[in-house]
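Below: one structure, written as structure tokens.
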Amino acid sequence: MSAVRLTAPRGVADVLPQAAGAWQRVEAVARDVFRRYGFAEIRTPMFEATELFLRSVGEDTDIVAKEMYTFVDRGGRSVTLRPEGTAGVVRAYLEHGMNAGPQPVKLCYVSAPMFRYDRPEAGRYRQFHQMGVEVLGAAAPAADAEVIAAAHALIASAGLPDASVRLNSVGDATCRPAYRERLRDHYRPHLEALCPDCRVRFDRNPLRLLDCKQPQCAPFIASAPTLADALCDACRAHLDEVQALLTAARIPFELDPGIVRGLDYYTRTVFEVVHPTLGALCGGGRYDGLVEELGGPPTPAVGFALGVERLILALGERGVEAPAQAPEVFVACAAEELRADAFRTAMAWREQGVAAEVDLLGRSFRAQMRHADRLGARFVAVVGRSEAERGTVTVRDMGAGTQEEVEAAGAVAYLRQRLASAGA
Ligand code: HAM
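For reference, each letter of the sequence shown is one residue, going 6 to 429 in this note's numbering.
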């Protein structure tokens with residue numbers, strides 16, 4: 006019987022060692038930006054009670070209706086692999102009484118896995134990763150502006166400095182119901198001409214009509230009344246102040262009435278940073294009703310999440326390379342009886358912080374040199390008979406092709422200095 010070779014499920018990807026450097030790089034950028042912006046890390050579970058997402062993301066959204074990985078566990082409970090991070094963060098905020106402490110509470114997550122049964126294509130996966138922030142307990146426009154600034158700083162520091170934020174307001178409970186009716190009035194005469202999805206949206210979630218990508222629906226979007234024109238005075242003033250703060254901080258943005266977001270919890274500010282071919286790199290906004298919806302006291306909140314895979318693809322397109330992991334030094338033994346010496350040397354140097362590699366296959370000296378070259382080692386330190394007698398090692402610079410004999414005791418200091426001067 007021949008064994009069937011298993012492959013990863015459709016829509017999920019392995020991050021192989023040659024790609025891991027790009028992940029580590031954007032994660033380091035995110036941690037640095039989040040630290041500078043004052044966000045503390047939170048890690049919530051990868052699965053939650055299904056009910057949490059029904060009540061937060063919304064039953065009529067594509068995510069809940071078509072994309073969740075939901076199953077009944079052995080205890081008979083319905084659980085769901087999280088499709089997004091906000092709901093779990095809000096649940097944890099309430100469950101751990103963070104609402105009782107000083108506000109706002111500023112939380113972040115880095116490369117948190119998310120799961121959506123999406124149609125796989127470039128930049129769209131069934132397991133993907135988000136990095137993002139949530140600010141809970143802050144109603145002022147400064148919180149929106151800070152979150153947008155953090156999203157922009159993250160994308161710019163990662164290597165896309167010209168990314169521009171698309172900003173909109175979806176109003177609140179005061180102005181949105183009336184707008185929804187105006188939108189229905191606009192679409193009602195054209196129901197026959199709409200795509201099947203939009204006919205459902207018309208009844209259940211008219212705001213989503215504005216997000217349709219079908220060509221047949223485009224003319225109705227273009228001529229639709231915009232929410233920005235229908236905002237109540239408080240929502241208008243909030244949006245104006247967010248814009249004023251972004252302008253003051255020189256964060257590039259443009260108003261885009263087409264940004265309506267695919268989750269139900271948003272109020273007022275919504276925003277995205279959009280890539281020309283990959284879709285949204287990040288999206289977020291204010292969700293002033295969600296904490297209450299999940300059983301807490303009325304608590305204003307705002308946040309964003311960025312898709313790590315999409316950011317890495319966009320950086321790759323732009324030629325932003327992350328260096329692959331390579332040893333700083335390969336410790337090669339030039340004689341069979343010196344294997345233990347070379348081994349001990351590599352371990353000692355590792356103790357002192359040097360990325361040192363050593364042969365594990367019993368290779369000949371020449372084969373060790375070839376292997377060091379393949380690994381991309383910056384230096385090879387040769388442990389040879391005459392060197393051993395003199396208490397030295399010969400350090401070969403693999404790039405320059407030069408070599409120098411140095412005291413074994415001072416070799417680490419020598420390597421550090423050479424690595425530093427090469428900017429390694
Ligand atoms: P979202 O727009 O659904 O928002 O997702 C945020 C980002 O996750 C997207 O802009 C995209 O880059 C990435 N993303 C979404 N689906 C996929 C997929 N199937 N494959 C790859 N990347 C994907 C949220 O999730 C909200 N929780 C954001 C938020 C936080 N709002 C307030 N706080």
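From the three backbone atoms N, C-alpha and C, an ideal C-beta is built for every residue, glycine too.
Quick caveat: nothing in here was measured; it's all calculated off a predicted structure.
Within the present structure, is the beta-carbon of residue 126 separated from the nearest heavy atom of the ligand HAM by less than 7 Å?
no
In angstroms, rounded to a whole number, what distance separates the CA positions of residue 93 and residue 101?
12 Å
Cutting at 7 Å between CB atoms, please list the residues of its own chain near residue 246, excluding the five before and the five after it.
146
Taking all protein chains shown into account, do 16 or more other C-beta atoms lie within 10 angstroms of the C-beta of residue 166, making it buried, or fewer, making it exposed?
exposed
Going straight from the alpha carbon of residue 236 to that of residue 332, what length do you get?
58 Å
For residue 379, tell me which candidate among 13, 387, 390 and 362 has the shortest Cα-Cα distance.
362
Compute the Euclidean distance between the alpha carbons of residue 316 and residue 287, then round it to the nearest angstrom.
9 Å
What ranges does the beta strand (DSSP E) occupy inside the segment 42-73, keeping only unbroken runs of at least 3 residues that lie completely in it?
52-54
4-residue-minimum alpha helix (DSSP H) runs that sit fully inside the segment 282-333, ordered along the chain
295-298 and 313-322
What are the partner residues of residue 335, as DSSP defines its beta bridges?
362 and 385
Quickly, what does DSSP pair residue 165 with across the bridge? List them, please.
Bridge partners of residue 165: none, in fact.
Please indicate yes or no: does the CB of residue 99 lie closer than 7 Å to some heavy atom of the ligand HAM?
no
Touching or not, the segment 221-237 and the segment 168-175, by the rule of three or more beta carbon pairs under 8 Å?
yes
Please classify residue 136 as buried or exposed, where buried requires at least 16 other C-beta atoms within 10 Å of its C-beta.
It is buried - the Cβ of residue 136 has at least 16 other Cβ atoms within 10 Å.
Is residue 96 a contact residue of the ligand HAM, with contact defined as CB to any heavy atom under 7 Å?
no
Should the segment 148-162 be regarded as contacting the segment 248-267, the criterion being three or more beta carbon pairs within less than 8 Å?
yes
Provide the residue(s) that pair with residue 400 in DSSP beta bridges, ordered along the chain.
Under DSSP, residue 400 takes part in a beta bridge, and its partners are 386 and 409.
Alpha helix (DSSP H) segments (min. 4 residues) lying fully within the segment 144-207
Correct list: 146-163 and 181-192.
Return yes when at least one heavy atom of the ligand HAM lies under 7 Å from the C-beta of residue 102, else no.
no
Could you give the DSSP three-state label for residue 260: helix, strand or coil?
strand
Cα-Cα separation between residue 164 and residue 289, rounded to whole angstroms:
Taking C-alpha positions only, residue 164 is separated from residue 289 by approximately 20 Å.
Confirm, please, whether the CB-CB distance from residue 397 to residue 385 is below 8 Å.
no
Compare the beta carbon distance of residue 268 and residue 63 with 8 Å and say whether it is the shorter of the two.
yes
Considering just the uninterrupted stretch of the alpha helix (DSSP H) at residue 240, what are its terminal residues?
Looking at the DSSP string, the run of the alpha helix (DSSP H) that includes residue 240 is 238-253.
Residue 212, enclosing alpha helix (DSSP H) - first and last residue:
Taken as a continuous stretch (DSSP letters only), residue 212 belongs to no alpha helix (DSSP H), as it is neither H nor E.
Residue from 383, 295 and 312 whose Cα sits closest to the Cα of residue 141
295
Should residue 49 go down as buried or exposed, given a rule of 16 or more other Cβ atoms within 10 Å for buried?
buried
Proximity below 8 Å, CB of residue 58 to CB of residue 138:
Their beta carbons are not under 8 Å apart, which means residue 58 does not touch residue 138 by this criterion.
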